[in-house]
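Q:
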Amino acid sequence: MNTMNWIEKELELLAEASLERSLRRSSPVIESPGYIMRGERVLLNLSSNDYLGLAQHPAIIERMRKALLTEGAGSGASRLVTGNRPPYERLEEEIAIWQKCEAALFFANGYMTNTGVIGALVSRGDVVFSDQWNHASITDGIVGSRAEHARYRHRDMAHLRTLLHKYRDKRRKLIVTDAVFSMDGDQAPLRELVALKREFGAMLMVDEAHSGGVYGKRGEGLCHELGLQDDVDIHVGTFSKSFGVYGAYICGSHMLIRWLINKARPLIYSTALPPSILAGISEGLALVQVQHWRRERLFALSELFRSLLRAAGFTISVGNSPIVPVIVGDNAMTLRFMGALEAEGIAAVAIRPPTVPDGTARIRFSVSAAHTEKELTDATEQIRNIGIQLGVLKRG
Ligand code: PMP
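Counting from 1, position 293 in the sequence shown corresponds to residue 293 in the UniProt record's numbering; the numbering is continuous, with no gaps.
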C-alpha cells in the first residue's frame with residue numbers, strides 16, 4: 001500500500017472545491033514595471049505589492065550588482081556565526097534613523113520576522129491577542145509560541161477589551177495587528193489599540209508590511225502617519241513590497257533588539273541573506289524617503305481606480321489603500337473572473353479561502369505608482385464588461 005495516496009485524494013477534494021492552488025510563471029517586463037509576461041503575452045499587472053513601482057529601478061539594480069562584486073554571492077553563515085557583513089549593520093543604522101527608533105534588526109523576510117519575534121516574546125502561560133484577519137505569518141508565530149491564542153473579531157475593540165479582561169492574569173500579554181490588512185486594504189484602529197495596550201499593560205506589535213513606504217511623510221508607515229510610533233513596542237515592516245526588494249525589519253528598544261538576537265530562532269538558525277540584497281534595500285529605502293511623488297501618485301491612482309470601479313457598479317470599501325478587493329463570493333466564479341481578466345490582458349489574482357473567509361473569494365486588485373490613469377481607466381472598462389458577462393455585476 002502506498003502510504004502517500006491520501007495526498008491525491010486530498011488534492012482531488014481541493015480541485016473539486018475550486019480551491020487548488022498552482023504556480024504560474026510571471027516574468028518581469030524590465031522597462032515597464034506595471035506589466036508582467038505570461039508566456040508570450042504582456043499583461044497589465046494589477047496584483048503586485050510593488051506599490052511604488054521600485055522593483056525594477058535601475059539605481060537599485062546597480063547597487064545590487066556592485067555589491068555582488070565586492071561582497072560576493074552568499075554570506076556563508078548565520079549572522080551569529082560569520083555572516084554578519086558590514087551591509088547588515090549599515091542598513092540597521094539607516095532603518096533606525098529613518099524610523100526614529102532606538103534600534104533596528106534586519107530579518108530575512110516578513111514571515112520569519114513575525115514567527116521569530118512572537119516566538120521570542122511569548123510562550124506557555126502567556127497570551128497573544130490577534131485580529132482574526134491578521135496575516136498567516138502572525139498566526140503561525142502564535143501557534144508556534146505555544147502561548148494562548150485570543151483572536152478578536154476584525155477591528156472589534158469591544159471584543160478585544162473583553163478578551164483582555166478575561167486573560168488579565170496571564171504572565172505576558174501581547175496585542176498584535178497588521179497596520180493595513182493585506183486582503184482588504186483596511187486599517188487597524190491603532191489609536192484604540194494603543195489606549196487598550198496602556199490600560200491592560202500589554203505589549204503592542206504592529207506589522208506594517210502593506211503600509212511601509214505608502215504612509216508617513218518619508219514612507220515610515222501608518223504608525224508614524226498617526227504620530228503613534230513611540231507607543232508601539234514592536235514595529236515590523238517588510239522590504240519586499242513598497243521597497244521593491246526583499247527582507248524585513250524590526251524597530252524597537254535596544255533591549256528588545258538584544259533579546260531578539262538571543263531568542264529569535266529564524267535569525268539565529270538561518271543563513272544571513274546575501275549582502276547584495278541588503279545593498280538593494282538600502283537604495284530602495286533611500287528612494288522611498290525622498291521620492292514623495294511616488295506616494296502622491298499612488299494615492300491619486302488608488303482613488304481614481306476605486307471611484308471608477310464604484311461608478312462601474314462594484315461595491316468598493318472606503319479608504320485610500322492601493323489594495324482594492326472586488327468580492328465575488330463563489331470560488332469557481334472568482335477563478336472564471338480571473339481567467340476572463342487574463343484573456344483581456346489583465347493579471348489580477350483570485351484570492352480564495354483559507355486566505356480569506358469562506359464565501360468572500362475575491363479578485364484582489366492592487367494599484368502601483370507604475371500605472372497610468374489611462375491603464376486604470378481602460379482596465380476598469382474591461383473589468384466592468386467581464387463583471388456583466390459573468391453575472392457578477394447587474395447590467396445597468
Ligand atoms: N505580514 C503581512 C501583513 C504580509 O502581507 C506579508 C506578505 N504577504 C508578510 C507579513 C510576509 O512578508 P514577506 O513576504 O516579506 O515574507
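In this text, a Cβ means the ideal position worked out from N, Cα and C, and glycines have one as well. Here the structure is a predicted model, which means the values were calculated and not measured.
1. Is any heavy atom of ligand 1 found at a distance shorter than 7 angstroms from the C-beta of T271?
2. Quick one: Cα of G185 to Cα of P275, how far?
3. Could you give the DSSP three-state label for P274: helix, strand or coil?
4. On the three-state DSSP scale, how would you describe Y88?
5. Does the segment 109 to 125 touch the segment 242 to 255, meaning 3 or more C-beta pairs lie closer than 8 angstroms?
6. Give every residue of the same chain whose Cβ lies closer than 6 angstroms to the Cβ of K171, excluding the five residues on either side of it in the sequence, and list them in chain order.
7. Output needed for L14: all residues of its chain with C-beta closer than 7 angstroms, excluding positions within five of it in sequence on either side, in chain order.
8. Taking contact to mean 3 or more Cβ pairs, one atom from each stretch, closer than 8 angstroms, check whether the segment 378 to 394 and the segment 333 to 344 are in contact.
9. If I118 sits next to V245, beta carbons under 8 angstroms apart, how far is it from one beta carbon to the other, in whole angstroms?
10. If we ignore side chains and look at the alpha-carbon of each, how far apart do R90 and H159 end up?
11. Would you kindly check if the distance between the Cβ of I327 and the Cβ of A379 is under 8 angstroms?
12. Here's the rule: buried if 16 or more other CB atoms are within 10 angstroms of the residue's CB, otherwise exposed. What is M205?
13. Following a CB-centred definition, is N45 positioned closer than 7 angstroms to any heavy atom of ligand 1?
14. For E94, I'd like the list of residues in its chain whose CB is within less than 7 angstroms of its CB, leaving aside the five on either flank, ordered along the chain.
15. Classify P23 as buried or exposed, calling it buried when 16 or more other Cβ atoms lie within 10 Å of its own Cβ.
16. Leaving out five residues before and five after S137 in sequence, what residues of the same chain have Cβ atoms less than 7 angstroms from its Cβ?
17. Could you tell me the boundaries of the beta strand (DSSP E) in which D186 lies?
18. Grab the span of the beta strand (DSSP E) containing N45 for me, first residue to last.
19. Roughly how many angstroms lie between the CA atoms of F200 and R155, to the nearest whole one?
20. Rank I234, N320, L301 and P322 by C-alpha distance to the C-alpha of E373 and give the top, closest one.
21. By Cβ distance, which residues of its chain are closer than 7 angstroms to I142, with the 5 residues on each side in sequence left out?
22. For E148, which residues does DSSP report across the bridge?
23. Quick one: what's got a C-beta closer than 7 angstroms to H371's C-beta in the same chain, skipping five residues either side?
24. How many angstroms separate the CA atom of N84 from the CA atom of R218?
25. Between which two residues does the alpha helix (DSSP H) harbouring D378 extend?
26. If you measure from the CB of H224, is any heavy atom of ligand 1 nearer than 7 angstroms?
A: This is what the structure gives:
1. The sequence position of residue 271 within the sequence shown is 271, counting from 1. No, the beta carbon of T271 sits no closer than 7 angstroms to any heavy atom of ligand 1.
2. Here residue 185 refers to the residue found at position 185 when the sequence shown is read from its first residue. Here residue 275 refers to the residue found at position 275 when the sequence shown is read from its first residue. So the alpha carbons of these two residues sit roughly 32 angstroms apart.
3. Stepping through the sequence shown from its first residue, residue 274 is reached at position 274. Three-state DSSP puts P274 in coil, outside helix and strand.
4. Position 88 of the sequence shown, counted from the start, is the residue given in the question as residue 88. The answer is helix: DSSP assigns Y88 an H, G or I state.
5. yes
6. In the sequence shown, residue 171 corresponds to position 171, counting from 1. Note on residue identity: the sequence assigns Arg, not Lys, to residue 171. Result list for R171: G125 and D126, in chain order.
7. Taking the sequence shown and counting its residues from 1, the one referred to as residue 14 is at position 14. Cβ within range, chain order: E20.
8. yes
9. The residue you call residue 118 lines up with position 118 of the sequence shown. The residue you call residue 245 lines up with position 245 of the sequence shown. Contact doesn't hold; Cβ gap of about 24 angstroms is too wide.
10. As a position in the sequence shown, residue 90 is number 90, starting the count at 1. As a position in the sequence shown, residue 159 is number 159, starting the count at 1. Rounded to whole angstroms, R90 to H159 spans 42 angstroms at the Cα level.
11. Translated into the one-based positions of the sequence shown, residue 379 becomes position 379. Translated into the one-based positions of the sequence shown, residue 327 becomes position 327. It is not a contact, given that the beta carbons lie outside the stated cut-off.
12. Against the sequence shown, residue 205 aligns to sequence position 205. Burial call: buried.
13. On the sequence shown, position 45 is the one that residue 45 refers to. No, the Cβ of N45 stays beyond 7 angstroms of every heavy atom of ligand 1.
14. The residue given as residue 94 occupies position 94 in the sequence shown. Cβ within range, chain order: S282 and L285.
15. In the sequence shown, counting from the first residue as 1, residue 23 sits at position 23. According to the sequence displayed, residue 23 carries Leu and not Pro. Flag for L23 reads exposed.
16. Sequence index remark: in the sequence shown, residue 137 carries index 137 (1-based). G110, Y111, N114 and T115, listed in sequence order.
17. For the purposes of this step, residue 186 is identified with residue 186 of the sequence shown, where counting begins at 1. No beta strand (DSSP E) contains D186, which DSSP labels as neither H nor E.
18. Position 45 of the sequence shown, counted from the first residue, corresponds to residue 45. Where N45 is concerned, the enclosing beta strand (DSSP E) stretches over R41 to N45.
19. Looking up residue 200 in the sequence shown gives position 200. Looking up residue 155 in the sequence shown gives position 155. In a straight line, the C-alpha of F200 is about 18 angstroms away from that of R155.
20. In the sequence shown, the residue the question calls residue 373 occupies position 373. Cα-wise, what sits closest to E373 is L301.
21. Here residue 142 corresponds to residue number 142 of the sequence shown, with the count starting at 1. Excluding residues within five positions, the ones whose Cβ falls inside 7 angstroms are I118, V128, S130 and H149.
22. One-based indexing of the sequence shown puts residue 148 at position 148. E148 is bridged to V127.
23. Here residue 371 refers to the residue found at position 371 of the sequence shown. Excluding positions up to five away in sequence, the list reads G34 and L301.
24. To locate residue 84, count along the sequence shown from 1; it is residue 84. To locate residue 218, count along the sequence shown from 1; it is residue 218. Answer to the nearest angstrom: the Cα atoms are 28 angstroms apart.
25. Translated into positions along the sequence shown, residue 378 becomes position 378. Unbroken alpha helix (DSSP H) run through D378: E373 to L390.
26. Position 224 of the sequence shown, counting from 1, holds the residue named residue 224. Incorrect: H224 has no Cβ contact closer than 7 angstroms to ligand 1.
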